[in-house]
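Written below as structure tokens is the structure these notes are about.
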Amino acid sequence: MRKYNHREIEPKWQERWENDDLYRLDPDSKQPKWYFLTMFPYPSGRLHIGHWFMYAPPDAKARYLRMKGMNVFFPTGFDSFGLPAENAAIKRGVDPKKWTYDNMDYMRKEFRTMGASYHRKNHEVVTSDPEYYKWTQWLFIQFFNHGLAYRKKAPVDWCPKCNTSLAREQVKGDERRCDRCQTQVVKKDLDQWLFRITKYAEELLDFSQIQWPERVRTLQTEWIGRSEGAEIKFQIENSSEFITVFTTRPDTVFGATALVIAPENPLVEQLTTEDKKQAVQEYVFQARRASEIERMATTREKTGLWIGAYALHPFTKERVPIWIADYVLMGYGTGAIMSVPAHDERDFAFAKKYDLPIPTVIAPPDWDGQPLSAAYSESGKMVNSGQFNDLSNEEGKKAIVEALAAMDQGKAAINYRLRDWLISRQRYWGAPIPIIHCQACGMVPVPDDQLPVLLPDGVQFLPTGESPLKLSTEFKNVTCPKCQGAAERDTDTMDTFVDSSWYWYRYINPNKPEVFMDKSLKQWFPIDEYAGGIEHATMHLMYARFFTKALNDMGLVDHREPFKRLFNQGLILGEDNQKMSKSRGNVIDPDELVQEYGADTIRTYLMFIGPWEAGGPWSSKGIEGIVRFYKKIWNFILDPTPTINGEATATEIKDLQRILHKTINKVGNDLENFQFNTVVSTLMELFNYLAKAKETAVVNTPHWQEALKTFILLIAPLAPHISEELWEALGQPYSVHKQSWPKYDASLAANEVFTLVVQINGKLRERIEGVSLSASDEEVKQLAMSHPNIAPHLAGKELKNVICVPKRLVNIVVK
RNA sequence: GCGAAAGUGGCGGAAUUGGCAGACGCGCUAGACUUAGGAUCUAGUAGGGCGACCUAUGGGGGUUCAAGUCCCCCCUUUCGCACCA
């Protein structure tokens, strides 16, 4: 008999499937469509085990859905713009383009060894291809024309190592580090392009149309950071102008003893009195110098300075001093607050330090009228608040906002933490921003017929902090499309997250000259399922939703959410339980594993290792179990059926069918729910059963042959190669992957008898096998209580209660 | 500091959602076959007790006939957010 040799069968079938284009997408098929998207990889050089973990289990699911009769679209490509290419280029002196495209060639070969059924042939998308980024640029122009892309000079987060600005989402953690290289970011004043994602802040909070994991919804909700409150205008003394503050507690306005504005607030210069100028300038200078990290540290003592000016309280008309303090952030709200020391912890600390009054305006329960020893930020009755006294503070909020509105000094307001998305990057390997700056005409979009704006080759791209494209005069100097005068191209490139914010539309037909006008596109959207890592919760996944809403508003797509269902797989760790990295030396190379064990084994093992959403450490030990599993299956199918005399009993046949159909059902359900680990264990249980049954007369029945076929069909999604080989060995027609999923018959899966669990006072005492499902509660109780192992326990005890759970257990309560 | 999730044998993990805890696999122990091997097969494997039994799902309390699962408190770990007014 042949031995199982993956090195022989895997390349063989991979070649045949490829030649036959076995998984070719038929867009005209009448089968229900199912768009199953996985996050596409960055072409970093070679596949690591994490790629396999991310792509092999979805492939199993895609194969299952196809067998179930769905027209599954399962595309992939490469997110191929981005910094690593440049960094590698600098390090090794190769062209970023060459590095990237060589990597993709290599990785495509590696991908092939996985035996995945991705639609690569006619649907692959590569974001650095001009044919692709032409549309990234075209979309930028649509955003520009619709007021969703704008340019602004502002202090931005700058990574000194990557030498580029970053979006807020790409700055991580309390130490404010670059998402890519972990370097601490600094602030820099730059003219930058932003996408107006804040326009959709409210709608992005609404997840009612999509089924996404709670975690992601929470992360996005917190990131958007909605807070309800009011804007209150304080008139500046001796001026007709106002300072607007945002507060969530308008009910505490009578407790405001100062206005505090951020050091960066332009009002500082305007309002500071002559005698305070020098001190204020010094403070502002210090504040600017202090890093973000220092300013963010919550434990840091509050500092600030009175700038000499006053505002007038909107109700009492009393003078309220205006201070600056760096605990007020320019980037949130209006960059100015009313300081209410009695009811805000930070304001309390500030007032204590600078001896500002701390009037109580919301009475804590049992308040004795004495000054508070700590800020009280809960609710309570309003006091010291003029006409609003004795209202509950919740009523007070409404009443005060109404009164302010009547005076035209305030209104209800909602504030978001979400900032607009900064997309300018001062790097080379990205899609050029398709804008021409003309002295006369301003910012002019590149006309459609001149797209794409090609990324020039042979540019000196060393990161200097300036955009490398600036150095290319050929690229930079152009004529204005409007006035034909001399003009300059924008020399920044786009954040690669722009490239990946719409790629799923391009998969359908990457070679067509049009994208969104293509009618055949519509029927695939929104995407049924999207699988990828949770690390993209507040970046890619939020940008993707924003893009879809914007595209919908522009009439380019007909849906407002891109992905109906999202699933996050976990992270695969090294054997030391640490994140895999070259420096730790714990990286697992899938190529070696495939060589040694074969793709089917690796795929299955990755599914078996634990819940997909949990991830976890790789262990090379457990893989032996899967190796044995497939070896045994191989021998089981190819070994001649033993000669067994006699006839199978009806029970044997029913048992066989029962476990078979139970397995069909469970494997299907678990695949649909991404519970790959129990798919594998269920199939192992079935196999263990079949291996034993092979020694019984059941092998003489036609049911046995059916069972073998069914078993191969069930493992086909997990192990595409070995199943194809064994399918052929069973004399079945090519290809196993074109077969229908076995039909589940609930009546065959149903039990006829059950094991009755007998408990006394909730403790297991006996199991009675083979109890009829049709037995009445009374009969079951009788059966239990009269059982020889149970009856003695009951003797001489007072019977309190007998609980009967139908088809399951009896619990006898005695005293 | 705030918020969320998780904690089950030596290990990875199951558990029809309140009803037999430990499926499946790794590892380990013993045996068989042996061309002596890190192959294969068979049996065993939560802990304790000679035993009938007892004890076990991070710890403590509670609800319930019945709790890994629900409620309260605590501990630990992981992950978000972090002066957001």
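Numbered per the numbering used here, the first sequence spans residues 1131 to 1945. Note that the Cβ used here is the ideal one computed from N, Cα and C, for glycine as well. The model shown is predicted, which means the values in this text are computed figures rather than measured ones.
Assignment of Ser1713 by DSSP, reduced to helix, strand and coil, places it in the coil class.
Relative to the Cα of Asp1629, the nearest Cα in the group Ala1331, Asn1818, Phe1677 belongs to Phe1677. Note that the region 1728–1736 touches the region 1849–1868; at least 3 beta-carbon pairs, one per stretch, sit closer than 8 Å. Assignment of Met1200 by DSSP, reduced to helix, strand and coil, places it in the coil class. In this structure, Ile1366 sits away from Val1375, with a CB-CB distance that is not shorter than 7 Å. For Arg1242, the enclosing alpha helix (DSSP H) stretches over residues 1226–1243.
In this structure, the alpha-carbon of Ala1466 lies about 11 Å from that of Asp1456.
For secondary structure counted as the alpha helix (DSSP H) over 4 or more consecutive residues, the region 1644–1728 holds these complete runs in sequence order: 1670–1683, 1720–1727. In the three-state reduction of the DSSP assignment, Arg1345 falls in the helix class. Taking all protein chains shown into account, Thr1779 has fewer than 16 neighbouring C-beta atoms within 10 Å of its C-beta and is therefore exposed. According to the DSSP secondary-structure assignment, Ser1509 is paired through a beta bridge with no residue. Secondary structure note for Trp1265: it is in no beta strand (DSSP E), and the uninterrupted alpha helix (DSSP H) holding it is 1260–1275. Between Tyr1134 and Lys1762, the gap from beta carbon to beta carbon reaches 7 Å or more. Between the alpha carbons of Val1866 and Ala1190 lies a gap of roughly 14 Å. Between Lys1527 and the set Thr1382, Ala1481, Gln1416, His1666, the nearest pair of CA atoms involves Thr1382. In the three-state reduction of the DSSP assignment, Trp1742 falls in the coil class, being assigned neither a helical nor a strand state. Here Lys1317 is bridged, per DSSP, to Asp1287. DSSP, read as helix, strand or coil, puts Pro1850 in helix. Within the same chain, Cβ atoms closer than 7 Å to the Cβ of Gly1892 are found at Asn1941, the five residues on either side in sequence being excluded. By the neighbour-count criterion, in which a residue is buried when 16 or more other Cβ atoms sit within 10 angstroms of its Cβ, Met1647 is exposed. With fewer than three CB-CB distances shorter than 8 Å, the region 1493–1507 does not count as touching the region 1385–1398.
Given a length threshold of 3 residues, each whole run of the beta strand (DSSP E) inside the region 1331–1385 is given here in chain order: 1357–1366, 1372–1377. Beta-carbon to beta-carbon, Arg1137 and Arg1298 are separated by about 50 Å, too far to satisfy the 8 Å threshold. By the neighbour-count criterion, in which a residue is buried when 16 or more other Cβ atoms sit within 10 angstroms of its Cβ, Cys1311 is exposed.
Taking every protein chain shown into account, the CB of Ser1650 has fewer than 16 other CB atoms within 10 angstroms, so this residue is exposed. For the 7 Å CB-CB criterion, Val1531 and Ala1360 form a contact. In the DSSP assignment, Lys1163 forms a beta bridge with Asn1201. Secondary structure at His1917: coil, using DSSP grouped into helix, strand and coil. By the C-beta criterion, the region 1563–1573 is judged not to be in contact with the region 1471–1481, since fewer than 3 inter-stretch pairs fall below 8 Å. For Arg1938, there is no enclosing alpha helix (DSSP H), as DSSP marks it with neither H nor E. Assignment of Arg1137 by DSSP, reduced to helix, strand and coil, places it in the helix class.
Judged by their CB atoms, Pro1343 and Phe1806 are not nearer to each other than the 7 Å cut-off. With respect to the C-alpha of Leu1389, the residue from Ser1870, Thr1826, Thr1313, Asp1477 having the closest C-alpha is Asp1477. When DSSP reads this structure, Arg1636 sits in no beta bridge, so it has no partner. Judged by DSSP secondary structure, Ser1811 falls within the alpha helix (DSSP H) whose first and last residues are 1806–1823. Here the region 1710–1727 does not lie against the region 1785–1799, with fewer than 3 beta-carbon pairs under 8 Å apart.
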